[in-house]
Amino acid sequence: MKRRDFIKSSAISLVASSSILTQCDNPIKKVKNDPIVLSTWDHGIPANNAAISIINKNGSSLEAVEAGVRVTEADPLSQSVGLGGRPDKDGHVTLDACIMDSDGNAGSVAFLRDIKHPISVARKVMEQTDHVMLVGKGAKRFALEKGFKEENLLTDKSREEWLQWKKDNSIKDSWGPNDEHDTISTLARDNNGNLAGACTTSGLAYKLHGRVGDSPIIGAGMYVDNEIGAVGATGKGEEVIKTCGSFLVVELMRQGYSAMDACKEAVNRILKKQSGKSDFQIGYIALRKDGQVGFSAIHDGFQYALYKNNKNKLYDVKGIG
Ligand code: ASP
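Residue 212 in the working numbering sits at position 189 of the sequence shown; the count goes up by one each step and never skips.
And the structure:
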């Protein structure tokens, strides 16, 4: 390259990089601090109620999201989270969860058995260790050391359904019907305008023993950046992991995308890899720092629960796939 060309191309890249810098400047300026809680699926309604009651007592967004998803974890009728979660192929309930606070701290557990509240174990990992993630037997031992109770999480209903699934499906199937999963992700903004997020699941029903999905993976199943926004995912975790889904949505919002467009773009990235069609579901929810809410899903059927302006309501999302 001649010197003149080099100077010209350096000047162009300087202009380009300064525009990238401008794009990366936080575009979200106006912040009102009214509390907002946003959760995936219909179990989001009671979770939002629990979260908002914490915020109304001036609790933090972190305390709120933990309290919110604990309601779902304890509900035996919620068969995709905590107690009563559908088991893996071998009949074991194995749980994944993660949590993030407004300082960017994160904690996570994966492939955890016999502990009803993985979200609270994840919080202890965040607050009482130098690590981010514990898995399997190590996570369980840690939980027991921290005083969590060991209990059987396989309810009669989930066990009977699993036995039926075994009868109806070929032993060659690696996992069952993929509509039998529904993680709860809860995102909250508290009275100080601070964001936090929690995500917890029993994962795909009848998954291979040892399978871990997106839900405990920071940046995949959930991500929080207190300057930009908080994002949670649900659906086929493998696809969310491969696209760093929740982190992607946050980064798109940083570049100036609306919460809605950022969620749609993240879904589109997945769809593109499937040539525009997919037989699985993905859903995203996003809460931007300024209170803007976004959501998107591949197929109809995804729902989110939003607490805003003193109302807690469930909304249907139209699929874009
Ligand atoms: N994302 C979860 C997983 O792949 C499942 C779900 O959200 O429905 O484990």
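Even glycine gets a Cβ: it sits at the ideal position worked out from N, Cα and C.
The model shown is predicted, which means the values in this text are computed figures rather than measured ones.
Classify residue i as buried or exposed, calling it buried when 16 or more other Cβ atoms lie within 10 Å of its own Cβ.
{"i": "H66", "result": "buried"}
{"i": "H232", "result": "exposed"}
{"i": "S76", "result": "exposed"}
{"i": "G127", "result": "exposed"}
{"i": "K172", "result": "exposed"}
{"i": "D124", "result": "buried"}
{"i": "R311", "result": "buried"}
{"i": "G199", "result": "Low local confidence applies: a pLDDT of 49 at G199 is under 50, so the model's placement there is unreliable, and no value is given."}
{"i": "T152", "result": "exposed"}
{"i": "F325", "result": "buried"}
{"i": "Y338", "result": "exposed"}
{"i": "E89", "result": "buried"}
{"i": "G252", "result": "buried"}
{"i": "S301", "result": "buried"}
{"i": "K295", "result": "exposed"}
{"i": "N71", "result": "buried"}
{"i": "G344", "result": "buried"}
{"i": "S298", "result": "exposed"}
{"i": "G170", "result": "exposed"}
{"i": "F164", "result": "Correcting the residue identity first, residue 164 is Arg in this sequence and not Phe. With fewer than 16 other Cβ atoms within 10 Å, it is exposed."}
{"i": "K287", "result": "buried"}
{"i": "K230", "result": "buried"}
{"i": "E274", "result": "buried"}
{"i": "L102", "result": "First, the amino acid is wrong: residue 102 is Gln here, not Leu. Buried, by the Cβ-count rule."}
Would residue i and residue j qualify as a contact pair, given that the criterion is a beta-carbon distance under 8 angstroms?
{"i": "G236", "j": "D323", "result": "no"}
{"i": "W64", "j": "D191", "result": "no"}
{"i": "S225", "j": "G244", "result": "no"}
{"i": "V104", "j": "S131", "result": "no"}
{"i": "D213", "j": "I78", "result": "yes"}
{"i": "G306", "j": "V340", "result": "yes"}
{"i": "G108", "j": "L176", "result": "yes"}
{"i": "K139", "j": "E168", "result": "no"}
{"i": "G342", "j": "I59", "result": "no"}
{"i": "A211", "j": "A97", "result": "no"}
{"i": "S62", "j": "I207", "result": "yes"}
{"i": "A309", "j": "V263", "result": "no"}
{"i": "I142", "j": "A221", "result": "yes"}
{"i": "T178", "j": "P99", "result": "yes"}
{"i": "N333", "j": "N215", "result": "no"}
{"i": "K265", "j": "F303", "result": "no"}
According to DSSP, is residue i helix, strand or coil?
{"i": "D213", "result": "coil"}
{"i": "D222", "result": "Position check: residue 222 holds Cys in this sequence, whereas Asp was assumed. C222: strand per DSSP, three-state reduction."}
{"i": "D284", "result": "helix"}
{"i": "F134", "result": "strand"}
{"i": "L118", "result": "strand"}
{"i": "S208", "result": "strand"}
{"i": "Q326", "result": "strand"}
{"i": "F171", "result": "coil"}
{"i": "V316", "result": "strand"}
{"i": "V235", "result": "coil"}
{"i": "R311", "result": "strand"}
{"i": "G268", "result": "helix"}
{"i": "N346", "result": "The displayed coordinates of the chain run from 24 to 344. Any statement about residue 346 would go beyond what the structure contains."}
{"i": "I241", "result": "strand"}
{"i": "G159", "result": "helix"}
{"i": "D113", "result": "coil"}
{"i": "A57", "result": "It is worth fixing the name first, because residue 57 is Asp in this sequence and not Ala. The answer is coil: DSSP assigns D57 none of H, G, I, E or B."}
{"i": "A166", "result": "helix"}
{"i": "L44", "result": "Unreliable positioning characterises L44 in this predicted model, as indicated by a pLDDT of 40, which lies under 50. A coordinate reading is not provided."}
{"i": "G107", "result": "coil"}
{"i": "A228", "result": "coil"}
{"i": "G260", "result": "helix"}
{"i": "I251", "result": "coil"}
{"i": "I51", "result": "coil"}
{"i": "I293", "result": "helix"}
{"i": "I343", "result": "coil"}
{"i": "D191", "result": "helix"}
{"i": "S301", "result": "coil"}
The segment 305-319 in contact with the segment 283-297 per 3-pair CB rule at 8 angstroms: yes
Tell me, please, whether the segment 180-189 touches the segment 97-114 by the rule of three or more beta-carbon pairs shorter than 8 angstroms. yes
Counting pairs of Cβ atoms below 8 angstroms between the segment 137-146 and the segment 84-97, do you hit three or more? yes
Along the chain, which unbroken stretches of the alpha helix (DSSP H) at least 4 residues long are found entirely within the segment 63-99? 67-79, 84-97
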